[in-house]
Amino acid sequence: MGKRRAGQELLRSLSKKQKKHLREFGEEHPFYDKGNITVQVEVRSEDSDKSSAESDSETEVEQVSGYHKLLATLRTLPESESEEEEDESESEEAEESEAEVDSKGSLEAGEGEEGEEDKNDVPEEEEDTAEQMRSQGQADGTDTSCDPRHGVIEEFTDVKHESEFSLETNFMEEESGDCNADKRESNPFKQHMDKELEEKEIEKISTQPKTSSQSQWPRLGQLIFSSTLEKHKTLKADKEVDVKQLHLHKPLESTWPKVNKPFLSAGDKPVDSSFTLLQRELFCIMNSYRDLFYPERNALTNGEEIRHTYCLHALNHVLKANAQVLSNNAKRRDRKPGTDTDDHRDQGLTRPKVLMIVPFRECALRIVHILISLLEVNDKKKIDVSNKKRFKGEFGSDPEEKPPNLKRPEDYEAVFAGNIDDHFRIGVAILQKSMRLYAPFYSSDIIIASPLGIRTVIGAEGEKKRDFDFLSSIEILIIDQADIYLMQNWEHVLHLMKHINLLPLDSHGVDFSRVRMLNLNNWCKYYRQTLLFSALQDPQINSVFNKHCFNYTGQVAIRNVPLTGSISHIVVQLPHVFRRLEADSVTSVIDARFQFFIDKVLPEYRDAIMSHTLIYVPSYFDYVRLRNYFKKEDLNFTHICEYTKKAAVCRARRFFLKGEKQFLLFTERFHFYKRYTIKGIRNLIFYELPTYSHFYSEICNMLKATDNGVDATWTCTVLYSKYDAQKLAAVVGIDRTAQMLQSKKNVHLFVTGEN
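Written as structure tokens, this is what we have:
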């Protein structure tokens with residue numbers, strides 16, 4: 001009681017600003033730090049079932065900061081007080097940071113030195129390292145992140161349900177089985193997983209280039225089929241689909257039409273009433289077990305259609321795989337003693353079969369709801385879902401938490417809906433009529449995680465607490481909304497791809513007599529299907545699809561070229577000057593762009609007449625380089641990036657609007673996460689073309705926010721190279737792009753606002 005009371009007193013003694021800083025950075029603000037507080041704490045294992053030797057090994061004496069002492073007491077705080085503290089924080093964060101800037105330039109912001117911004121410009125790698133240290137966890141499906149409402153969440157173990165969800169100790173129920181259907185030769189699951197590759201085929205996949213062919217489908221458009229092995233039979237889009245012909249597992253045939261009903265229009269034919277046109281063509285490719293890259297995912301239009309489709313495919317795969325194991329369990333049980341057979345190889349080296357990478361908790365919440373809906377045949381036959389209440393509490397969101405009166409574009413609202421925490425992971429086990437949430441990874445069938453959540457489990461070389469054995473037998477990898485990871489940290493995705501389908505370091509209790517030969521040969525990556533969904537085509541995303549996917553059945557990529565581009569959505573009369581820079585290689589273009597900017601572009605804007613110049617910088621590293629150069633040259637500028645504090649953002653916007661600062665350095669990631677309207681722009685410089693093409697028109701349309709009627713003085717300059725072909729086509733269209741890449745001259749375009 002004394003420790004609890006002391007913790008409560010320590011919490012009450014902090015101001016709102018101190019509490020907010022404590023929650024965000026894990027320590028008191030240096031201004032208020034009266035000295036380093038260290039407490040000697042003896043940490044003991046709370047699990048009474050562990051052996052004394054194990055408990056002794058985990059008992060240690062640590063030097064813990066005052067923050068950790070305070071954080072440890074939050075779990076014992078009364079619920080009402082915890083909620084009260086959160087409400088205080090939410091009310092503080094919900095203040096209108098986008099306060100309207102009037103002609104006098106008044107903003108609700110504290111005065112201070114412009115240099116305070118520099119403290120917040122921390123590279124994302126440092127931020128991620130700190131996050132990793134705070135959130136290191138075992139690969140047990142546990143979400144070890146901290147919930148401010150409940151304090152630190154203990155690691156989750158569920159011994160009660162272990163035997164109930166074990167594949168080795170359960171058998172197929174007759175009414176739910178689909179074993180006979182799985183034996184059909186036309187079953188895509190059996191065809192794909194039972195295919196026995198030879199060593200010369202594996203060598204061919206690893207060393208030889210792919211051959212490709214094109215096809216035009218009604219809804220998806222232009223498809224590029226590529227494969228290293230012998231040319232497969234051309235895949236054609238099914239004009240009509242009967243659910244019974246898709247080889248779905250038994251419950252899915254009846255549940256899918258009901259679950260997918262909200263997406264179907266009244267004009268769909270009765271025989272094809274269970275799929276939209278987009279879903280039908282996507283599922284046709286998924287069900288053939290080819291890799292798929294679809295770069296036209298849109299959170300506003302087709303996002304949920306796509307999510308439902310890959311959930312159906314993933315669940316169908318898991319149910320078929322588990323049904324095969326349970327059926328073979330019965331055969332092994334009934335066989336005569338002394339008989340040994342090699343016909344029951346039906347498992348991987350570890351149990352997880354499907355890995356879903358999604359950006360936010362809200363996405364994981366929707367996926368689990370879809371999976372539950374697909375398993376519930378009707379209202380009377382509801383499945384048993386373990387830990388459902390805890391899942392809703394940690395992955396759900398409170399509508400009242402959203403700050404009111406914040407106007408954002410529709411696509412922003414769709415992407416950032418619900419709980420947008422990007423550090424999570426959860427294991428899901430499915431067995432016949434039951435689902436287990438928060439299953440340990442080695443007892444899970446499906447793992448749903450964010451790149452950061454999976455990264456903290458994989459760890460880095462040299463770390464003691466790291467584990468990636470659970471990724472050894474992944475058969476379906478789904479990466480949804482890949483474009484958002486470009487705005488988070490793409491290195492996490494690359495780190496995952498380097499550690500998937502490797503031989504495990506430990507056996508984890510596997511029965512090797514049941515393991516498929518493809519897994520024992522370490523050939524799992526040649527059988528893994530990768531489904532990649534993005535809102536755009538980007539070289540980094542293309543690289544993952546081309547260099548980290550080795551599916552022997554081949555790949556399918558949708559490659560539709562934009563005809564018009566986002567420049568047609570600009571509503572202000574604005575001259576655009578596209579200035580081409582030359583570079584010898586992709587690696588040298590970074591330095592070439594910087595040199596071109598400071599030698600040929602910046603001198604034209606140094607004159608005081610060219611004030612109110614916003615410089616849009618997509619890369620944070622380019623932003624830091626430009627900021628340091630501007631400081632060195634003592635230029636009159638201010639800057640805003642994703643790490644800039646709210647008060648500093650308000651000051652920078654005010655200085656820029658009033659003309660006190662001639663230049664404003666502005667990062668793309670800040671625009672992605674905030675989407676503020678910057679007022680006072682008269683001259684635009686795109687240091688590089690935006691990652692999202694619609695950002696180009698959004699930034700240009702900000703010029704109308706200043707109603708001075710001086711449209712003729714507005715300018716827009718864009719730097720590009722031959723390596724920016726995809727981004728350029730998304731902005732100006734494919735026809736203009738071809739002309740601009742052929743010509744080495746600057747291109748002048750004038751948008752009248754009527755396009």
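Sequential numbering from 1 applies to the sequence shown in the UniProt record's numbering.
Virtual Cβ for every residue (Gly too), placed ideally from N, Cα, C.
Quick caveat, the model's predicted, so the values are computed rather than measured.
Residue i CB to nearest heavy atom of the ligand MN below 8 Å
i      : result
Asp724 : With respect to the ligand MN, the structure shown offers nothing to examine, as it has no ligands at all.
Contact under 9 Å by Cβ, residue i with residue j
i      : j      : result
Cys641 : Thr667 : yes
Thr638 : Phe655 : yes
Ser566 : Ser693 : yes
Tyr720 : Arg579 : yes
Ile306 : Phe545 : no
Ile570 : Asn683 : no
Pro251 : Leu431 : no
Leu494 : Ile458 : no
Leu520 : Leu349 : yes
Ile479 : Leu531 : yes
Val377 : Ser254 : yes
Arg351 : Tyr442 : yes
Arg219 : Gln555 : no
Ser327 : Phe550 : no
Gln488 : Leu452 : yes
Leu223 : Ala557 : yes
Thr512 : Gly418 : Per the sequence shown, the amino acid found at residue 512 is Phe instead of Thr. Contact: no.
Ile685 : Val601 : yes
Cys284 : Leu235 : yes
Tyr552 : Leu292 : no
Val577 : Ala583 : no
Burial state of residue i, where buried means 16 or more other Cβ atoms lie within 10 Å
i      : result
Lys547 : exposed
Val586 : exposed
Ile609 : exposed
Glu362 : buried
Glu698 : buried
Leu505 : exposed
Gly396 : exposed
Asn298 : exposed
Reference residue i, options the options, closest by Cα
i           : options                        : result
Gln191      : Glu376, Ala299, Asn287, Arg219 : Asn287
Asp421      : Leu471, Glu394, Glu461         : Glu394
Phe391      : Ser585, Arg436, Asp622, Asp334 : Arg436
Trp523      : Ser513, Leu502, Asp506         : Leu502
Leu277      : Glu413, Trp217, His423, Gly680 : Trp217
Tyr485      : Ala652, Ile558, Phe672, Ala592 : Phe672
Leu371      : Gln347, Leu471, Lys258         : Lys258
residue 766 : Trp490, Phe596, Asn322         : In the structure as shown, the chain starts at 1 and stops at 755, and residue 766 therefore has no counterpart that could be examined.
Tyr605      : Gln662, Leu365, Arg280, Gly509 : Gln662
Asp607      : Asn636, Leu626, Tyr623, Phe594 : Asn636
Alpha-carbon spacing of residue i relative to residue j, whole angstroms
i           : j      : result
Ala53       : Met193 : At Ala53 the pLDDT is 39, less than 50, meaning the model places this residue with poor confidence and gives no usable figure here.
Tyr310      : Ser226 : 21 Å
Ser212      : Tyr526 : 18 Å
Asp735      : Asp724 : 15 Å
Pro409      : Ser473 : 41 Å
Leu477      : Leu664 : 41 Å
Asp469      : Gln245 : 36 Å
Asn187      : Gln726 : 39 Å
Ser434      : Asp384 : 5 Å
His499      : Ser450 : 15 Å
Phe695      : Thr301 : 18 Å
Leu657      : Ile678 : 8 Å
Leu74       : Asn387 : Below a pLDDT of 50, predicted positions are generally treated as unreliable, and Leu74, at 44, falls in that range; the measurement from the model is reported next regardless. Taking the straight line from one Cα to the other gives about 23 Å.
Ala592      : Asp622 : 12 Å
Thr129      : Phe670 : Because the pLDDT of Thr129 is 41, which lies under 50, any placement of that residue in the model is unreliable, and the question is left without a value.
Lys210      : Ser543 : 14 Å
residue 794 : His344 : Any property of residue 794 remains undetermined from this structure, which presents the chain solely from 1 to 755.
His369      : Lys407 : 29 Å
Supposed close pair residue i, residue j - CB separation, criterion 8 Å
i      : j      : result
Val318 : Val354 : 6 Å
Met517 : Ile448 : The pair is not a contact, with the Cβ atoms about 29 Å apart (cut-off 8 Å).
Tyr294 : Leu282 : 7 Å
Leu248 : Trp256 : 7 Å
Tyr687 : Tyr629 : About 12 Å separates the two Cβ atoms, so there is no contact after all.
Glu747 : Leu689 : At residue 747 the sequence reads Val, which differs from the Glu that was named. Contact doesn't hold; Cβ gap of about 13 Å is too wide.
Ala729 : Val561 : 6 Å
Ala364 : Ile426 : 6 Å
Glu475 : Arg528 : 6 Å
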